[in-house]
Amino acid sequence: VVALVSGGKDSCYVMMKCIQYGHEIVALANLLPVDDSVDELDSYIRPPDYCELSRVHECAIVQKENPRHQKLSYQMTPDDEVEDLFVLLSEVKRQIPSITAVSSGAIASDYQRLRVESICSRLGVVSLAFLWKQDQTLLLQEMIANGIKAILVKVAAIGLDPSKHLGKDLAFMEPYLLKLKELYGSNVCGEGGEYETLTLDCPLFTNARIVLDEFEVKLDSPDSIAPVGVLHPTVFHLEKKDSNSLEEKEPGLVFEVQGDGHNTPESTHQRDNRTVDIIEHTRNRVSLSKTGKENTFSICCWLEGYSESSTGLKEDLESVLKETESQLLKQGFNWENVLYIHLYISDMSEFAPNETYVKFITHEKCPFGVPSRSTIELPLVQAGLGKPYVEVLVAKDQRKRVLHVQSISSWAPSCIGPYSQATLHKSVLHMAGQLRLDPPTMNLRKGGAIAEMNQALTNSEAIAESFRCSISSSALLFVVFCSARTEESERNQLHEKFVSFLDLAKSSRRVLDPIFLYILVPDLPKRALVEVKPVLYVKEDSETGDETRQDQFGEGDYGCWGQTNGTQDFVQKRVVDGKICVTVLSISAEVMRKLHEPEEEQQLERVTRFCVYLLNKTLSENSFSWKDTTSLRIHFSTSLGVSVKRLFNIFETAFKELNEMSPEGIVGYSKEPTFNLVKKKKKIIIIHSILSRSLVLETLLLRSTT
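Residue numbers (full-length UniProt numbering): 1 to 706.
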């Protein structure tokens, strides 16, 4: 790790966290102003620097493989400070090629975090921001308790007086800072620029501590409400911590980088931009389906007629993504219009997470934010669907809000690649599939399916809080993918534990009663046992009033499947504000057997007609039509023993029959395929009612409003 240091409490404490999580700090890096006599008070990514910073490396032991001490400083140029930081870190990377990460003390500043992440992405290293999104009150207490000895060297907020508070110890100031938070809503860690600190001592300083002998206070703004003042040290020295004199210790190597530095390539891990010419000979095998809605719709792409002589997953995925991109371009869209990507693959062991993916979905192509994603293994080959199956949710407008945190932190799992944690569009929050990843280590915690689900829900809640909502009160749908390796005893407990988690987290206000869909699949990323994919309703800022239909709120009982007679045995639906409808329709193997049809295929045809009719009835009763459909996903069991092509034709026939039966036809019906078939492992399991579902229809509808 190379640590970005300002000399303040945050950059020092994040170094302590790096060591705690097993990382090795081999270099310190800092940007300095061109003119040392000028206070850099207008920098958004770099706090003011002080002459004591030049001695921090002498206080701390920073080891490289040889070992040796490293500290790099950069003389500011008139150019943009972000590019200055890029030049500085490029030089660090050139001199120490083994560096794979950069640490920074960002707590709440998206401006700082996003720019550090951008530089890290360009250099092919990881951003470590272990303080990100931490509760500032608890974080300040933690810093002090863990030995951070820092003083205030700049104040610029109401309640802070330069003549009284500059030079005061952070521990001494803690009660007063908490009081200012209560009175004025101040950031207790100074994230709003309320104050800056200088660390004089901490556990990292094993050689010596900094001692200020004399200093002067400069008043930069005599504002009567929030005066701005800066402390300038005039005399200081280092106080050794052991019997050896400082002169006997290795002084460390200090490198000063000036100007533009060396000609460093934009990235040390440049993507392979060679184009694999595999599209033409597979184009005749590419199949597509698209929902008919014009402004928000889904496109699916897969390779039909898969054979053992087919190319590998990497080549097939490139073909499918290429064709998906082509379809987007034909309709006047691009990857920047994609909200969400469902990536289904036939064998997780063949999947190299981003090797092929990044050739198509990049930050450059998605300036408004990269789409969120879930990745699932399905028995695609057995179904004749090839090795990859891609489903994309597309929006015509650019009203999406994307949360993409690439830094590794204690907040929630990072998304280092070109996929985001969540995407909000028209009040629907599409969250990436969540695993039981420990955020600061990004390792999959062990402990069984229930423990994995609890951690996945904790991660989901952290993401939801970034949109000022909660999975306990705002969820419309939870799709829970269970690996076939999950013990059956644990499968049967999942829903009960799920509800317990939500009950503990929910607030006193009334909550949406979410739909639960549990799906058994062959495997999941990182060999996880559980992956949770939440869909939430988030009232956007432009919406006013409480228009949500009261009858769509539950009393917090989180029912999984209706147990009453009639269609409620088959249908779960949630309608919000009269413009969002989520419906899950499920038919069990037991129901299919009761049809008394002599042939299984005849049973399937009859059930399919019933499903399409029932779904149509549900839509019309809630004032929706087929033209509002953004996605219609059909989950079917491999135990049905029917080919995808045959099932596709059966559903297409059912839609045509319904269209002919309707006086004016199905509004928005198209001759093109409007649904996406997803083949599942063995059976669909719905926990809670302990029923095996052979056929499940899952749909999301959005009504256009003006």
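Glycine included, every Cβ here is placed at the ideal spot set by N, Cα and C.
Looking only at C-alpha atoms, which of the options sits nearest to residue i?
i           : options                           : result
Val188      : Ile376, Leu198, His495 and Pro175 : Pro175
Cys415      : Lys446, His232 and Arg373         : Arg373
Phe481      : Ala528, Leu437 and Ile471         : Ala528
Thr206      : Asp242, Leu219 and Phe172         : Asp242
Gly369      : Asp84, Ser118, Ile210 and Lys526  : Ser118
Arg436      : Glu590, Glu698, Val1 and Lys526   : Lys526
Glu315      : Ser470, Glu488 and Glu350         : Glu350
Asp201      : Lys9, Phe610 and Ala589           : Lys9
Ser588      : Val575, Tyr111, Val571 and Asp577 : Val571
Asn354      : Pro367, Glu336 and Thr375         : Thr375
Glu657      : Thr608, Glu599, Thr362 and Cys120 : Thr608
His23       : Ser6, Gly7, Ser98 and Val538      : Ser98
Tyr537      : Leu585, Leu429 and Leu219         : Leu429
His363      : Val153, His404, Tyr340 and Val584 : His404
Arg646      : Val14, Lys290, Ser163 and Glu304  : Glu304
residue 710 : Thr199, Ser662 and Leu231         : No answer is possible for residue 710: the residues shown for the chain start at 1 and end at 706.
Cys463      : Glu294, Tyr613, Leu614 and Val535 : Per the sequence shown, the amino acid found at residue 463 is Ile instead of Cys. Nearest of Glu294, Tyr613, Leu614 and Val535 to Ile463, Cα basis: Val535.
Lys290      : Arg633, Ile151 and Val82          : Arg633
Trp626      : Trp335, Leu317, Glu294 and Val358 : Glu294
Ala101      : Lys133, Cys18 and His232          : Cys18
Leu640      : Met661, Val696 and Glu621         : Val696
Glu81       : Met143, Arg115 and Phe610         : Arg115
Ala449      : Ser407, Leu604, Gln398 and Phe498 : Phe498
Ser287      : Leu385, Leu139 and Ala3           : Leu385
By the 10 Å Cβ neighbour count, where 16 or more other Cβ atoms means buried, how is residue i classified, buried or exposed?
i      : result
Asp161 : exposed
Asn459 : buried
Asp628 : buried
Tyr558 : Any reading at Tyr558 needs caution, since the residue's pLDDT is 41, under 50, leaving its predicted position unreliable; the model's value is listed next. Buried, since its Cβ has 16 or more Cβ neighbours within 10 Å.
Tyr111 : exposed
Ala432 : buried
Phe655 : buried
Phe172 : exposed
Asn492 : exposed
Arg485 : exposed
Asp84  : buried
Arg468 : exposed
Thr441 : exposed
Ala352 : exposed
Asp523 : buried
Asn649 : exposed
Lys573 : buried
Pro367 : exposed
So, for residue i: in the same chain, excluding its five sequence neighbours on each side, which residues have a beta-carbon less than 8 angstroms away from its beta-carbon?
i      : result
Phe333 : Val394 and Lys396
Ala451 : Arg436 and Arg445
Asn443 : Leu437
Gln141 : Glu174
Ser474 : Leu429, Ala464, Val511, Leu512, Leu536, Tyr537 and Val538
For residue i, collect the residues of the same chain with a Cβ closer than 7 angstroms to its Cβ; drop the 5 residues on either side in sequence, then sort them by chain order.
i      : result
Thr234 : Glu214, Phe215 and Glu216
Gln136 : Ile107, Asn187, Val188, Cys189 and Glu191
Phe236 : Glu52, Ile210, Val211, Leu212 and Asp213
Ser221 : Pro227 and Val228
Lys365 : Asn334, Trp335 and Glu336
Met143 : Lys9 and Tyr13
Glu490 : Gly448, Ala449 and Ile450
Within the same chain, show all residues whose beta-carbon is closer than 6 angstroms to that of residue i, passing over the 5 residues directly before and after it, in chain order.
i      : result
Ser203 : According to the sequence provided, residue 203 is Pro. The question's Ser does not apply to it. For Pro203, where only same-chain residues beyond five positions count, the Cβ hits under 6 angstroms are Gly147.
Leu700 : Val582, Thr630 and Ser631
Val14  : Ser103, Gly105, Phe130 and Leu131
Val338 : Pro371, Val392 and Val394
Ile158 : Tyr184, Ile225 and Ala226
Glu698 : Val584 and Arg633
Should residue i be counted as a contact of the ligand GTP given a C-beta to heavy atom distance under 6 angstroms?
i      : result
Leu321 : In the structure shown, the ligand GTP is absent, as is every other ligand, since no ligand is present at all.
Is there at least one Cβ from chain D nearer than 7 angstroms to residue i's Cβ?
i     : result
Val92 : In the structure shown, chain D cannot be found, because there is only a single protein chain.
query: So does the segment 382-402 actually touch the segment 287-301, counting three or more Cβ pairs closer than 8 angstroms?
result: yes
task: Counting only runs of 3+ residues fully inside the segment 414-450, write out the beta strand (DSSP E) ranges in chain order.
output: Listed in chain order, the beta strand (DSSP E) runs fully inside the segment 414-450 are 422-425 and 428-431, counting runs of at least 3 residues.
- prompt: Are the segment 407-421 and the segment 459-473 touching, with three or more C-beta to C-beta distances below 8 angstroms?
  reply: yes
- prompt: Are the segment 423-442 and the segment 138-148 touching, with three or more C-beta to C-beta distances below 8 angstroms?
  reply: no
- prompt: When the Cβ atoms of the segment 414-431 are set against those of the segment 312-332, are three or more pairs found closer than 8 angstroms?
  reply: no
query: Is the segment 176-187 touching the segment 126-135 in the sense that three or more CB pairs, one from each, lie closer than 8 angstroms?
result: no
field: Three CB pairs or more closer than 8 angstroms across the segment 20-32 and the segment 88-102
entry: Contact between the segment 20-32 and the segment 88-102 is established, with three or more Cβ pairs separated by less than 8 angstroms.
query: Hey, which unbroken runs of the beta strand (DSSP E) at 3 residues or more fall wholly within the segment 309-345?
result: 338-345
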